[in-house]
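Working notes, beginning with the structure itself.
Residue numbers (UniProt numbering): 1 to 225.
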């Protein structure tokens with residue numbers, strides 16, 4: 001008889017729920033985090049809550065204020081966000097180049113490229129329908145699939161950390177149909193380069209997708225949506 005896994009510690013459950021509230025925008029950037037109210041909302045004591053908040057601070061999602069002022073949801077300055085795009089571009093180029101190399105060596109699973117193309121098609125449907133939330137969710141799944149196929153755990157860990165910090169700004173930058181369509185055309189180009197086993201082109205397109213396209217779309221979105 002299979003045994004159920006032990007339940008997560010209270011602090012981990014609190015951390016997961018707080019992360020969900022932050023990444024969904026329900027807890028907005030800059031908002032103060034009232035420990036009493038949050039503890040009541042999550043149905044736990046302030047001890048596990050504080051441990052959860054310390055973990056989120058390490059992740060870069062919350063920040064401590066001056067002494068006695070508690071924590072707030074971190075608000076990224078434009079300069080910080082630009083740096084995140086620069087670092088994500090390097091990772092994206094590395095991953096796309098690695099995928100193309102694996103394809104040239106015959107090491108990519110046979111269905112992988114077809115599944116990636118299917119995800120691109122689904123993103124195209126969401127863009128055509130003006131479904132920003134649907135497009136963004138599929139966009140996240142697409143990029144996660146790239147990192148999984150690349151089989152590089154350290155790169156995937158770094159990507160996850162950078163993604164959490166930049167999540168809300170990225171979501172805003174893909175809120176308009178024309179931006180979604182442009183982003184998805186770049187996805188299709190990247191997959192074509194991987195399918196051809198062209199590592200140099202795949203790496204270049206991966207970097208450009210983030211440092212050129214993604215960063216530019218974010219800059220356009222500042223104060224204009």
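Just so it is clear, CB atoms sit at the ideal spot from N, CA and C, and this is done for glycine as well.
Handout entry: Supposed contact pair residue 120 and residue 187 - C-beta distance, whole angstroms, cut 8 Å
Key = Going by Cβ atoms, the distance from residue 187 to residue 120 rounds to 5 Å, so yes, they are a contact pair.
Problem - Beta carbon of residue 113 nearer than 8 Å to that of residue 195 - result: Against a cut-off of 8 Å, the Cβ pair of residue 195 and residue 113 comes out as a contact.
Exercise for the section: Could you say which of 141, 8, 63 lies nearest to residue 30 if we only look at CA atoms? Expected result: Considering only alpha carbons, the answer is 63.
Practice task
Could you tell me the boundaries of the beta strand (DSSP E) in which residue 73 lies?
Solution key: In the DSSP annotation of this structure, the continuous segment of the beta strand (DSSP E) that includes residue 73 starts and ends at 71-73.
Exercise for the section: Assign residue 19 to buried or exposed, taking buried as 16 or more other Cβ atoms, counted over all protein chains shown, within 10 Å of its Cβ. Expected result: Buried, since its Cβ has 16 or more Cβ neighbours within 10 Å.
Practice task
Check the DSSP bridge columns for residue 32 and list the partner residues they point to.
Solution key: Note: residue 32 sits in a beta bridge opposite 72.
Problem - Where residue 15 sits in the DSSP three-state scheme - result: Reduced to three states, the DSSP call for residue 15 is helix.
Handout entry: Backbone secondary structure at residue 107 - three-state DSSP
Key = Assignment of residue 107 by DSSP, reduced to helix, strand and coil, places it in the coil class.
Handout entry: Three-pair Cβ contact test at 8 Å for the segment 10-19 versus the segment 40-56
Key = Three or more beta-carbon pairs drawn from the segment 10-19 and the segment 40-56 are found closer than 8 Å, and the two stretches are therefore classed as touching.
Exercise for the section: Give the single residue among 81, 212, 190 whose Cα lies nearest to the Cα of residue 202. Expected result: Here the closest residue by C-alpha is 190.
Exercise for the section: Return helix, strand or coil for residue 63, following the three-state DSSP convention. Expected result: In this structure, residue 63 counts as strand in the three-state DSSP scheme.
Handout entry: C-beta atoms of residue 89 and residue 185 nearer than 8 Å
Key = Cβ atoms of residue 89 and residue 185: not closer than 8 Å.
Practice task
To the nearest angstrom, report how far apart residue 109 and residue 116 are at their CA atoms.
Solution key: A straight-line Cα-Cα distance of about 12 Å links residue 109 and residue 116.
Problem - Reduced DSSP category for residue 26 - H, G, I as helix; E, B as strand; rest coil - result: In the three-state reduction of the DSSP assignment, residue 26 falls in the coil class, being assigned neither a helical nor a strand state.
Problem - Residues near residue 38 in its chain [Cβ-Cβ closer than 7 Å; skip 5 each side] - result: Within the same chain, residue 38 has close Cβ partners 49.
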